[in-house]
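Data block below; observations after.
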Amino acid sequence: MARKGIATEETSRGPTMRDVAKAAGVSSATVSYVLNNLNKVTPEVDAHVRKVAREMGYSRNSAARALKTGRHNVIGCIVPTLASPVFPEIVQAVQRRAEELGYATFVIDSGEGPKREAQAIQSLAKHGVDGAVALLASRPPLADLPQFPIVAIDQPVPGLDSVRADHRTGGRLMAEHVIALGHKRVGLVSGELDLLSSRERHEGFMDAARGKLEICWDVEVSLIPTLPREAVEAIRRRDVTMIACVNDVVAIGVLSALRDNGIAVPGEVSVFGFDDMVWSHWPLIDLTTIRQPLAELGRDAVELLVERLTDPERPQRDIVLPVSLVERGSTRRL
């Protein structure tokens, strides 16, 4: 059975993509965009190309394509951990969009650290994937990467296509909302600032807070819900009316610590997160947060990868997706 996949040249038994492009008066890349449902052309061009392809009897044969091009319509997806409530939403979006475009997905939980990430990338190379999308905590040199396309999710890597949320704007929106609610004394639970996303969120917040908010303490934590002693001790001081957190997972840890210490949320202290992960709207959490478009990150990463496979010479792209405020019950106006 023929398997849906990325359109490329076929055998001499029938018309090729190049033949369709010539008959339709468009480029081969345009034909590939249409036949792979990438929504990169106008509806009129899409309809015209499909009509010409039908009339010419053009069909795609995945077995012939694999023999000719060495592709197998399999892409890799690397994430630091599937235990996080954030990353699975991205992975699911990757798998759905890849399937729509005719690709199977091979997912690797890489663990943390550059060495583990490098091992994950090499594992994908050994399995013969056509390309990969990857959430990378490190920024590996291009020379260390295998010779297949990789799209970086969440942080740009020199030489690679990338897609990420606008973390700096998200930090600014967070600070502006804290100010609008009338808070003055704020505690920060920041992420590891060697991670670009954490650093940009922190910088965006601090830029907007300058001269308007008193940052009473700023504790850096790893991206896990169990808070270090320093953070718990800061919370117990009860010297702030708002705690702004680097992400929703950390914010849930803060909510738990506040409740364990008999501090009412949002009556005594408000809590602000970042991500809008699936748990954040649950009634027991009800977290005010900055929404980053997790599903869109996954979908756009796959589309960038298929574009790169279709047109290897196109310019490198870095897509920055907008974020938005989601106000819920964990914050209050003073």
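Quick note, the sequence shown lines up with residues 1 to 334 if you use UniProt numbering.
For glycine and all other residues, C-beta sits at the position ideal for the given N, C-alpha and C.
Three-state secondary structure (DSSP) of residue i
i, result
"Arg229", "helix"
"Met56", "helix"
"Trp279", "helix"
"Arg185", "strand"
"Phe274", "coil"
"residue 335", "Beyond the ends of the chain as shown, which are 1 and 334, falls residue 335; an answer cannot be given."
"Thr16", "coil"
"Asp46", "helix"
"Gly131", "strand"
"Ser324", "strand"
"Asp161", "strand"
"Ser190", "strand"
"Glu268", "coil"
"Asp218", "strand"
"Ile121", "helix"
"Thr288", "strand"
Sequence-distant residues of its chain with Cβ nearer than 8 Å to residue i (five each side left out)
i, result
"Gln316", "Gly159, Leu160, Asp161"
"Glu176", "Ala208"
"Phe106", "Val74, Ile75, Gly76, Cys77, Leu124, His127, Val129"
"Arg308", "Gly131, Pro149, Val151, Asp161, Arg314"
"Arg116", "Ser110"
Exposed unless 16 or more other CB atoms sit within 10 angstroms - verdict on residue i
i, result
"Leu305", "buried"
"Thr42", "exposed"
"Ala21", "buried"
"Met334", "Inspection of the sequence shows that residue 334 is occupied by Leu rather than by Met. By the neighbour-count rule (16 or more Cβ atoms within 10 Å), Leu334 is not buried but exposed."
"Val278", "exposed"
"Ala264", "exposed"
"Ser32", "buried"
Residues of its chain near residue i, where Cβ-Cβ distance is below 6 Å and the 5 sequence neighbours each way are ignored
i, result
"Ala93", "Ala295, Gly298, Arg299"
"Leu101", "Asn36, Val306"
"Leu196", "Gln155"
Inter-residue spacing [alpha-carbon to alpha-carbon] between residue i and residue j
i, j, result
"Arg328", "Thr288", "4 Å"
"Arg238", "Val269", "8 Å"
"Ala143", "Ser198", "A caution first: Ala143 carries a pLDDT of 48, below 50, which makes its placement in the model unreliable, though a value can still be read off. Ala143 and Ser198: Cα-Cα distance of roughly 26 Å."
"Ile235", "Leu321", "33 Å"
"Asp311", "Gly253", "45 Å"
"residue 335", "Glu192", "This structure gives no information on residue 335, because the portion of the chain shown stretches from 1 to 334."
"Lys212", "Asp46", "52 Å"
"Thr30", "Ile179", "49 Å"
"Lys40", "Val34", "8 Å"
"Arg332", "Leu258", "16 Å"
"Ala64", "Ser280", "At Ala64, the pLDDT of 48 sits below 50, so the modelled position is not reliable and the matter cannot be decided from this model."
Test item: CB-CB of residue i and residue j under 8 Å
i, j, result
"Gly170", "Pro149", "no"
"Val271", "Leu284", "no"
"Asp152", "Pro80", "Residue identity check: residue 152 is Ala in the sequence provided, not Asp. Not closer than 8 Å, so no."
"Gly267", "Ala251", "no"
"Pro85", "Val249", "yes"
"Val323", "Leu135", "no"
"Asp168", "Glu220", "Here residue 168 is Arg; the residue named in the question, Asp, does not match the sequence. No, Cβ-Cβ distance for Arg168 and Glu220 is not below 8 Å."
"Arg291", "Val246", "no"
"Val52", "Ala23", "yes"
"Asp260", "Val326", "no"
"Ala118", "Ile108", "no"
Cut-off 7 Å between Cβ atoms - residues of its own chain near residue i, not counting five sequence neighbours on either side
i, result
"Arg185", "Glu214, Cys216, Asp239, Val240, Thr241"
"Asp286", "Arg328, Gly329, Ser330"
"Gly187", "Cys216, Trp217, Ala234, Val240, Ile243"
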